[in-house]
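Remarks on the structure that follows.
In the working numbering, the protein residues as written are 47 to 115.
As structure tokens, then:
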């Protein structure tokens, strides 16, 4: 599975910026408390929309703010 993420999302004073491509069965997400891990998972799952950017899985676009998807 190929996961491609290039997004920006703001929550009040906090901003999440993520850019990565992951081609594999397992991808780890780690960081300190409050670094945006749960927010990033919610963005990938489609529970919240990114302010800007694109998310795709195996070439299927899940979110693309420029294309208004």
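Cβ atoms here follow ideal geometry from the backbone N, Cα and C, with glycine treated the same way.
Taking a contact to mean a Cβ-Cβ separation below 8 Å, would you say residue 102 touches residue 108 in this structure? Result yes, Cβ atoms of residue 102 and residue 108 sit closer than 8 Å.
Using a 10 Å radius around the Cβ and a threshold of 16 neighbouring Cβ atoms, would you call residue 89 buried or exposed? So residue 89 ends up on the buried side.
Relative to the C-alpha of residue 87, which candidate in 104, 70, 47, 64 has its C-alpha closest? Residue 64 is the option with its Cα nearest to residue 87.
Buried or exposed: residue 99, going by 16 or more other Cβ atoms within 10 Å of its Cβ? It counts as buried.
Whose C-alpha, out of 111, 106, 80, is nearest the C-alpha of residue 59? Of the candidates 111, 106, 80, the one whose C-alpha sits nearest the C-alpha of residue 59 is 80.
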